[in-house]
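Under the numbering used here, the letters of the sequence shown match residues 9 to 166, in that order.
Built from N, CA and C at the ideal position, the CB exists for glycine as well.
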Amino acid sequence: MANLTDCIEEYLKKLLALSSEQYIEVQRRELAGKFKCVPSQINYVLERRFTMERGFLVESRRGGGGCIRIYRIRPDHARPWREVIEDLYQKEFDPGKARETLKRMCDEKVISMREARLLEAIIRDRAYEQSEIELEKTRKLQRSLLGAALEELLKVGY
Numbered sequence: 009m010a011n012l013t014d015c016i017e018e019y020l021k022k023l024l025a026l027s028s029e030q031y032i033e034v035q036r037r038e039l040a041g042k043f044k045c046v047p048s049q050i051n052y053v054l055e056r057r058f059t060m061e062r063g064f065l066v067e068s069r070r071g072g073g074g075c076i077r078i079y080r081i082r083p084d085h086a087r088p089w090r091e092v093i094e095d096l097y098q099k100e101f102d103p104g105k106a107r108e109t110l111k112r113m114c115d116e117k118v119i120s121m122r123e124a125r126l127l128e129a130i131i132r133d134r135a136y137e138q139s140e141i142e143l144e145k146t147r148k149l150q151r152s153l154l155g156a157a158l159e160e161l162l163k164v165g166y
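Set out below in structure tokens:
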């Protein structure tokens, strides 16, 4: 059975899919009432599940009912995926953000669910624990392997 966070996420994604606009607007309090939770649970879902890495932009106004506007960033308006891969090499590697990027790529049908799972295996810390490599070197290795694998997967599209 899905947890509350998953249910709220799916509900908001369905609203976005059904919307004739480029966004949806919801009231934090009404949403919390619908799911019988506190408004901070709604905030948690928005902060964790509706991020730029996942292809969303959230505008939030507190007070007066707490209006929330959620935009789905369309793939044709997003940065090319080649730039996303280049960012992996330029910034400090964060496996959590990499997983979010993989989820977004999967959601946008850039990669399959199976490919996303295989790529997630590359960045799982558990896979490197036996090697006794220090964390900084592990992150460099993860970034390098993920970047190389993504480039191979995306070659057909470029």
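Check the DSSP bridge columns for residue i and list the partner residues they point to.
i, result
"Leu65", "Tyr79"
"Tyr4", "Look at the range of the chain in this structure, 9 to 166, and you will see that residue 4 is not part of it."
At the 8 Å Cβ level, is residue i part of the contact set with chain C, yes or no?
i, result
"Arg147", "Absence of chain C from the displayed structure is noted, only one protein chain being present."
Considering only their Cβ atoms, is the gap separating residue j from residue i smaller than 8 Å?
i, j, result
"Phe64", "Ile81", "yes"
"Cys15", "Phe43", "yes"
"Ile78", "Ile32", "yes"
"Leu96", "Gly41", "no"
Within 10 angstroms of its Cβ, does residue i collect 16 or more other Cβ (buried), or is it exposed?
i, result
"Arg37", "exposed"
"Arg151", "buried"
"Arg56", "exposed"
"Phe101", "buried"
"Val46", "exposed"
"Leu12", "exposed"
"His85", "Note that His85 scores a pLDDT of 41, beneath 50, so its modelled location is shaky; the value from the coordinates is reported in the next line. Exposed, by the Cβ-count rule."
Excluding the 5 residues flanking residue i on each side, which residues of the same chain have their C-beta closer than 7 Å to its C-beta?
i, result
"Lys105", "Glu61"
"Glu123", "Leu161"
"Gln30", "Tyr79"
Can you give me the Cβ contacts of residue i inside the same chain, cut-off strictly under 6 Å, excluding the 5 residues immediately before and after it?
i, result
"Val34", "Ile76"
"Leu24", "Ile32 and Arg80"
"Met113", "Ile119"
Which stretch, first to last residue, makes up the alpha helix (DSSP H) that contains residue i?
i, result
"Val53", "Pro47 to Arg57"
"Met113", "Pro103 to Asp115"
"Ile130", "Met121 to Ile131"
"Ser152", "Leu143 to Leu162"
"Glu18", "Leu12 to Leu26"
"Glu140", "Element bounds for Glu140: n/a, residue is neither H nor E."
"Glu38", "Arg36 to Lys42"
For residue i, I'd like the list of residues in its chain whose CB is within less than 8 Å of its CB, leaving aside the five on either flank, ordered along the chain.
i, result
"Arg107", "Glu128 and Ile131"
"Asp133", "Pro103 and Thr146"
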